[in-house]
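Asks: Residue numbers (this note's numbering): 4 to 257. I am attaching a structure below and will ask some questions about it afterwards.
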């Protein structure tokens, strides 16, 4: 596919801003509203930000690493960008939708491409009840936190918490605890993509919990419901042979 109208965006990091100036000088700049591809210059965090900001248009996003790890990014080079874009392979990601009810009665809805995590906010461990599709599956989980990750996010926070890496095309989600105290040996679960997962915060007055959707926090939550949102499709482009499927396999042998 040939992309003629490129919109460049960059993180605030100096190296990303330098790359932005170089790219615009070489290839010009189009507004996001008129672009048929977005090139994001930065790290994985900036890539997630860009995907969130472009979710309504479904314009494909091609990332170039000007950050640290760059799992969602391609290698940076100012040369032959049109040819790289034309040869790029696409992947489609559906985000999670988090609906969080807070202690003050407010409700917050956010999307997460990588994961939604619940984390203790005080000195004591969190105490959570976990339900799947309306059925209580774990009456009480005492832990530092728990997260629900998409396949795309399974190598991020989820993997650091010893959760499984999921193939990018799989219709499953990873439910992974962090420092589970009770049940002590519970290692989490693999759930079908279409389920609704609910977390109820127990003893919230002395065991406060916050919910993070891709590291965007909502404090003092009482209840969190999470479901996949198939109506939203994030399109990510990768250089041939370096797509998400290949990266997920490589990560398991690193």
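Think of the CB as a built atom: it goes at the ideal place given N, C-alpha and C, for glycine as much as any other residue.
Considering just the uninterrupted stretch of the alpha helix (DSSP H) at residue 163, what are its terminal residues?
Replies: Here residue 163 corresponds to residue number 160 of the chain shown, with the count starting at 1. Element bounds for residue 163: 160 to 163.
Asks: Going along the chain, which residues of its own chain have a beta-carbon closer than 6 angstroms to the beta-carbon of residue 230, five neighbours each way excluded?
Replies: The residue given as residue 230 occupies position 227 in the chain shown. 100, 199.
Asks: Can you tell me where the beta strand (DSSP E) holding residue 18 begins and where it ends?
Replies: For this step, residue 18 is matched to residue 15 along the chain shown. Run containing residue 18: none in the beta strand (DSSP E); it sits in the alpha helix (DSSP H), 17 to 30.
Asks: Can you tell me whether residue 237 is buried or exposed? The criterion is at least 16 other CB atoms within 10 Å of its CB, across all chains shown.
Replies: Position 234 of the chain shown, counted from the first residue, corresponds to residue 237. Buried: at least 16 other Cβ atoms inside 10 Å.
Asks: Starting from residue 53, trace the alpha helix (DSSP H) both ways and give me its first and last residue.
Replies: Here residue 53 refers to the residue found at position 50 of the chain shown. Residue 53 -> alpha helix (DSSP H) spans 47 to 56.
Asks: I think residue 226 touches residue 202, with their Cβ atoms under 8 angstroms apart; what is that distance to the nearest whole Å?
Replies: Position 223 of the chain shown holds residue 226. Position 199 of the chain shown holds residue 202. Contact flag correct, Cβ pair sits at about 7 angstroms.
Asks: Mapping DSSP to helix, strand and coil, what is residue 85?
Replies: Position 82 of the chain shown, counting from 1, holds the residue named residue 85. It is helical.
Asks: Rounded to the nearest angstrom, how far is the Cβ of residue 266 from that of residue 178, given a contact under 8 angstroms?
Replies: There is simply no residue 266 to check, as the chain begins at 4 and stops at 257 in what is shown.
Asks: Just to confirm, is the Cβ distance from residue 116 to residue 54 under 8 angstroms?
Replies: Numbered from 1 along the chain shown, position 113 holds the residue referred to as residue 116. Numbered from 1 along the chain shown, position 51 holds the residue referred to as residue 54. Contact flag set, yes.
Asks: Can the beta-carbon of residue 171 be found less than 8 angstroms from the beta-carbon of residue 254?
Replies: Taking the chain shown and counting its residues from 1, the one referred to as residue 171 is at position 168. Taking the chain shown and counting its residues from 1, the one referred to as residue 254 is at position 251. No, these two residues do not count as a Cβ contact at 8 angstroms.
Asks: Using 8 angstroms as the threshold, is the C-beta distance between residue 113 and residue 216 below it?
Replies: For the purposes of this step, residue 113 is identified with residue 110 of the chain shown, where counting begins at 1. For the purposes of this step, residue 216 is identified with residue 213 of the chain shown, where counting begins at 1. Yes, the pair counts as a contact, with Cβ atoms nearer than the cut-off.
Asks: Output the residue ranges of the beta strand (DSSP E) runs that lie fully inside the stretch 206 to 237 and measure 3 residues or longer, sorted by chain position.
Replies: Whole beta strand (DSSP E) segments, 3+ residues: 212 to 216, 219 to 221, 224 to 231.
Asks: Could you pull out every unbroken beta strand (DSSP E) segment of at least 3 residues lying fully inside the stretch 119 to 143, listed in chain order?
Replies: Segments of the beta strand (DSSP E) lying fully in the stretch 119 to 143: 129 to 135.
Asks: Quick one: grab the DSSP three-state call for residue 113.
Replies: Here residue 113 is taken as the residue at index 110 of the chain shown, counted from 1. Three-state result, residue 113: strand.
Asks: Could you give the C-beta distance for residue 174 and residue 196, rounded to a whole number, given that I count them as a contact under 8 angstroms?
Replies: Taking the first residue of the chain shown as 1, we reach residue 174 at position 171. Taking the first residue of the chain shown as 1, we reach residue 196 at position 193. The Cβ separation is near 4 angstroms, so the contact holds.
Asks: For residue 119, collect the residues of the same chain with a Cβ closer than 6 angstroms to its Cβ; drop the 5 residues on either side in sequence, then sort them by chain order.
Replies: Here residue 119 corresponds to residue number 116 of the chain shown, with the count starting at 1. For residue 119, where only same-chain residues beyond five positions count, the Cβ hits under 6 angstroms are 99, 101, 151, 216, 229.
Asks: Just checking, does the stretch 122 to 138 make contact with the stretch 156 to 164 on the three C-beta pairs under 8 angstroms criterion?
Replies: Result no; under three Cβ-Cβ pairs closer than 8 angstroms.
Asks: By Cβ distance below 7 angstroms, which residues in the same chain neighbour residue 9 in space, the five residues on each side in sequence not counted?
Replies: On the chain shown, residue 9 is found 6 positions in, with the first residue counted as 1. Counting only Cβ-Cβ distances below 7 angstroms, and skipping sequence neighbours, we find 30, 33, 38, 40, 42.
Asks: Answer with yes or no whether the minimum CB distance from residue 138 to chain B is below 8 angstroms.
Replies: Here chain B cannot be found, since the structure has a single protein chain.
Asks: Compute the Euclidean distance between the alpha carbons of residue 92 and residue 241, then round it to the nearest angstrom.
Replies: By one-based count along the chain shown, residue 92 stands at place 89. By one-based count along the chain shown, residue 241 stands at place 238. If you take the alpha carbons of residue 92 and residue 241, they lie about 5 angstroms apart.
Asks: Hey, residue 181 and residue 148 are a contact pair by Cβ (cut 8 angstroms); roughly how many whole angstroms apart?
Replies: Translated into the one-based positions of the chain shown, residue 181 becomes position 178. Translated into the one-based positions of the chain shown, residue 148 becomes position 145. The Cβ separation is near 4 angstroms, so the contact holds.
Asks: Can residue 107 and residue 72 be called in contact, C-beta distance under 8 angstroms?
Replies: For the purposes of this step, residue 107 is taken as residue 104 along the chain shown, with counting starting at 1. For the purposes of this step, residue 72 is taken as residue 69 along the chain shown, with counting starting at 1. No. Outside cutoff.
Asks: Does the Cβ-Cβ distance between residue 250 and residue 49 come in under 8 angstroms?
Replies: Within the chain shown, the letter at position 247 stands for residue 250. Within the chain shown, the letter at position 46 stands for residue 49. Contact: no.
Asks: Quick check on DSSP: helix, strand or coil for residue 90?
Replies: Translated into the one-based positions of the chain shown, residue 90 becomes position 87. Here residue 90 sits in helix by DSSP.
Asks: Return the first residue and the last residue of the alpha helix (DSSP H) that residue 251 is part of.
Replies: Here the question's residue 251 lines up with position 248 in the chain shown. Where residue 251 is concerned, the enclosing alpha helix (DSSP H) stretches over 247 to 255.
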